[in-house]
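**Q** Take a look at the following structure, please.
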Amino acid sequence: MFVAAMLAAIVIAAASGYLFATRRVQPAAPVLAGLTIETADGRLLSGEAFRGRFVLLNVWATWCPPCVKEMPSLDRLQAIKGSGTFEVVALSIDRQGLEVVQPFFQRTGLSRLAIYLDREARSMPALKITGLPTTVLIDPAGREIARWPGAREWDQPATVADIDEHIARSRETTR
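Quick note on the numbering used here: the sequence shown kicks off at 3 and runs consecutively.
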């Protein structure tokens, strides 16, 4: 009887281990779902508008010194990597919107980044952002694959390589 009980326990343990080992993890929900982003010309875009490409989403504000410091490097990164498959999206949470962001872009010489606005800062709780700047790398399916709190020089070779590594890893896991 003892041997039969032990064999049954081993079979059950093996079977449950098999089930757990083959269970597929549900993919993360798209991080931009439900978010509305305003463009410089007043159009409202849903998060779905960015599907199909990798997006480096930088949440920033003109009143944030580290944000202001890193914006030129984001503009240069868009020049380096911007394409039909990759876009740097600099999302301003300035309440005054275009009124302050457009002069900032002109004054700073930002020419490669599009202006995106979130006047009500709804992106902050939606993306669980607690400080500025915060940058989130999003895959073509809309899932977050990396996050960087704080400012950096986005066009530096080591930073570009880090982004490329996350993109490559994401492509491998979606095959």
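Cβ atoms here follow ideal geometry from the backbone N, Cα and C, with glycine treated the same way.
From the DSSP output, in three-state form, read off LEU119 for me.
**A** As a first step, residue 119 must be located in the sequence shown, where it is residue number 117. Strand, per DSSP.
**Q** Count the other CB atoms within 10 Å of the CB of VAL138; is the residue buried (16 or more) or exposed (fewer)?
**A** Along the sequence shown, one-based indexing puts residue 138 at 136. Buried, since its Cβ has 16 or more Cβ neighbours within 10 Å.
**Q** Please state whether DSSP places THR87 in a helix, a strand or coil.
**A** Walking along the sequence shown from the start, residue 87 turns up at place 85. Three-state DSSP puts THR87 in coil, outside helix and strand.
**Q** Please report how far the alpha carbon of TRP65 lies from the alpha carbon of GLN108, in whole angstroms.
**A** Here residue 65 corresponds to residue number 63 of the sequence shown, with the count starting at 1. Here residue 108 corresponds to residue number 106 of the sequence shown, with the count starting at 1. Rounded to whole angstroms, TRP65 to GLN108 spans 16 Å at the Cα level.
**Q** Please report the residue range of the alpha helix (DSSP H) in which LEU100 lies.
**A** Taking the sequence shown and counting its residues from 1, one reaches residue 100 at position 98. That run of the alpha helix (DSSP H) goes 100–110.
**Q** Of the choices GLN158, GLY99, VAL103, whose alpha-carbon is the least far from that of ILE82?
**A** Along the sequence shown, read from residue 1 onward, the residue named residue 82 stands at position 80. Measuring from the Cα of ILE82, the nearest candidate turns out to be GLN158.
**Q** Identify, in the order they occur along the chain, each residue of the same chain with its Cβ nearer than 8 Å to the Cβ of ASP96, setting aside the five sequence neighbours on each side.
**A** Along the sequence shown, one-based indexing puts residue 96 at 94. ALA63, THR64, TRP65, VAL102, VAL103, LEU119, ARG121, listed in sequence order.
**Q** Rounded to whole angstroms, what is the Cα-Cα separation between PRO74 and GLU146?
**A** Taking the sequence shown and counting its residues from 1, the one referred to as residue 74 is at position 72. Taking the sequence shown and counting its residues from 1, the one referred to as residue 146 is at position 144. Using only the alpha carbons, I get a separation of about 24 Å.
**Q** Thinking C-beta only, is LEU59 closer than 9 Å to LEU34?
**A** In the sequence shown, residue 34 corresponds to position 32, counting from 1. In the sequence shown, residue 59 corresponds to position 57, counting from 1. In this structure, LEU59 lies closer than 9 Å to LEU34 by Cβ.
**Q** Is it buried or exposed for ALA92, if we count other Cβ within 10 angstroms and need 16 for buried?
**A** Translated into positions along the sequence shown, residue 92 becomes position 90. Looking at its Cβ environment, which holds 16 or more other Cβ atoms inside 10 Å, ALA92 is buried.
**Q** Which of the three DSSP states, helix, strand or coil, is assigned to LEU58?
**A** In the sequence shown, the residue the question calls residue 58 occupies position 56. Residue state, collapsed to three classes: strand.
**Q** Rounded to whole angstroms, what's the CA-CA distance from GLN80 to GLU40? Just pull it up for me.
**A** Stepping through the sequence shown from its first residue, residue 80 is reached at position 78. Stepping through the sequence shown from its first residue, residue 40 is reached at position 38. Distance between the alpha carbons of GLN80 and GLU40 is about 19 Å.
**Q** Between the Cα of ARG53 and those of HIS168, PHE106, THR87, spot the shortest distance and give me the residue it belongs to.
**A** Taking the sequence shown and counting its residues from 1, one reaches residue 53 at position 51. Taking only the C-alpha atoms, the option nearest ARG53 is THR87.
**Q** What does the alpha-carbon distance come out to for the pair ALA128 and PRO105?
**A** Position 126 of the sequence shown, counted from the start, is the residue given in the question as residue 128. Position 103 of the sequence shown, counted from the start, is the residue given in the question as residue 105. Computed Cα separation, rounded: 27 Å.
**Q** Figure out for me which residue from ALA31, THR136, ARG45 has the closest Cα to the Cα of ALA116.
**A** Numbered from its first residue, the sequence shown carries residue 116 at position 114. It is ARG45 whose Cα lies nearest to the Cα of ALA116.
**Q** Given ALA76, which residues of its chain have a CB within under 7 Å of its CB, disregarding the five upstream and five downstream residues?
**A** Here residue 76 refers to the residue found at position 74 of the sequence shown. The identity of residue 76 in the sequence shown is Leu, whereas the question assumes Ala. These residues qualify, in order along the chain: ASN60, VAL90, ALA92, LEU115, TRP156.
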